[in-house]
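Colleague: Sending over a structure as structure tokens; questions will come in a sec.
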Amino acid sequence: MYYDLINTELGLIYLQADNQGLKLLTIASGGYQPPPCWIHDPKKLQAYTLQLQQYLEGQRQQFSLPLAPDGTAFQHQVWQAIQAIPYGETRTCQELAAQLGNKHAHQAVALAKNVNPIPILIPCHRVLCQNPRISCRFGLDLINLLRALEQGHIQPQLQPLSGHPV
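What the sequence shown shows, in my numbering, is residues 2 to 167, in sequence order.
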């Protein structure tokens, strides 16, 4: 596994990938350190950090790099449906469940959304649940910030940390 990190207004973002694609995006908090088995290799993740930077600067609306999140077949279906939600738009869990062929599966859709290992690139912030406290892995503040970004209300600043010791 390889990783790189970017310092953003959202926090320190770690990207983890293998040869298949991006596996994990996590926003670090309070002294987070990547596991020792991760290899810091900015070159292997350069395309991901560039596209993430472009997104956070409002210059990119879609990502075009391979993703390889771990999950069940159903989770992968939900994540693919989430990726199809256009930039700046939202869908409800009920709408996604109906799109996937089972309008009663909205709670399962919400669960799959909440365990999404690659937020932002799989834009779970575009999915609305009946309970507004149910969010992506990183809470309502991040969701609201990303929605504001996509609506043109803010423009976070990035400082790539590639090549710096962790």
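For each residue, glycine too, the CB sits at the ideal point set by N, CA and C. Please read these numbers as outputs of a predicted model, since none were measured by experiment.
Return the Cβ separation of L26 and I14 in integer angstroms, given the expectation that the two are a contact with Cβ distance under 8 Å.
Modeller: Numbered from its first residue, the sequence shown carries residue 26 at position 25. Numbered from its first residue, the sequence shown carries residue 14 at position 13. That pair is a contact at about 6 Å.
Colleague: Does Q152 come out as helix, strand or coil in the three-state DSSP assignment?
Modeller: In the sequence shown, counting from the first residue as 1, residue 152 sits at position 151. Reduced to three states, the DSSP call for Q152 is coil.
Colleague: Okay, do the region 83 to 97 and the region 41 to 54 touch, 3+ Cβ pairs below 8 Å being the bar?
Modeller: no
Colleague: Just verifying my parser: in three-state terms, what is the DSSP assignment at Y56?
Modeller: Here the question's residue 56 lines up with position 55 in the sequence shown. Helix, per DSSP.
Colleague: What residue range does the alpha helix (DSSP H) around Q95 cover?
Modeller: What you label residue 95 is simply residue 94 of the sequence shown in a count that begins at 1. Boundaries of the alpha helix (DSSP H) harbouring Q95: C94 to Q100, taken from the DSSP string.
Colleague: Just mark N20 as buried or exposed, buried being the case when its beta carbon has 16 or more other beta carbons within 10 Å.
Modeller: Translated into positions along the sequence shown, residue 20 becomes position 19. With fewer than 16 Cβ atoms within 10 Å of its Cβ, N20 is classed as exposed.
Colleague: Let me know the secondary structure DSSP gives L51 once reduced to three states.
Modeller: Numbered from its first residue, the sequence shown carries residue 51 at position 50. Look at L51 here: in three-state DSSP terms it is helix.
Colleague: Can you tell me whether L16 is buried or exposed? The criterion is at least 16 other CB atoms within 10 Å of its CB, across all chains shown.
Modeller: Reading the sequence shown from its first residue, position 15 is the one you call residue 16. By the 10 Å Cβ count, L16 comes out buried.
Colleague: According to DSSP, is E10 part of a helix, a strand, or is it coil?
Modeller: Residue numbering aside, residue 10 sits at position 9 when the sequence shown is read from its first letter. It is coil, neither helix nor strand.
Colleague: Counting only the same chain and skipping the five closest in sequence on each side, list residues whose C-beta sits under 8 Å from that of G72.
Modeller: Residue mapping note: residue 72 aligns to position 71 of the sequence shown, counting from 1. Hits under 8 Å: W80, A113, V116 and P118.
Colleague: Quick one: measure Cβ to Cβ for L122 and L23, integer angstroms, because I've assumed they're closer than 8 Å.
Modeller: In the sequence shown, counting from the first residue as 1, residue 122 sits at position 121. In the sequence shown, counting from the first residue as 1, residue 23 sits at position 22. Right, their Cβ atoms sit about 7 Å apart.
Colleague: Measuring alpha carbon to alpha carbon, tell me which of H126, H154, A18 and C125 ends up nearest L1.
Modeller: No answer is possible for residue 1: it lies beyond the span of the chain, which begins at 2 and ends at 167.
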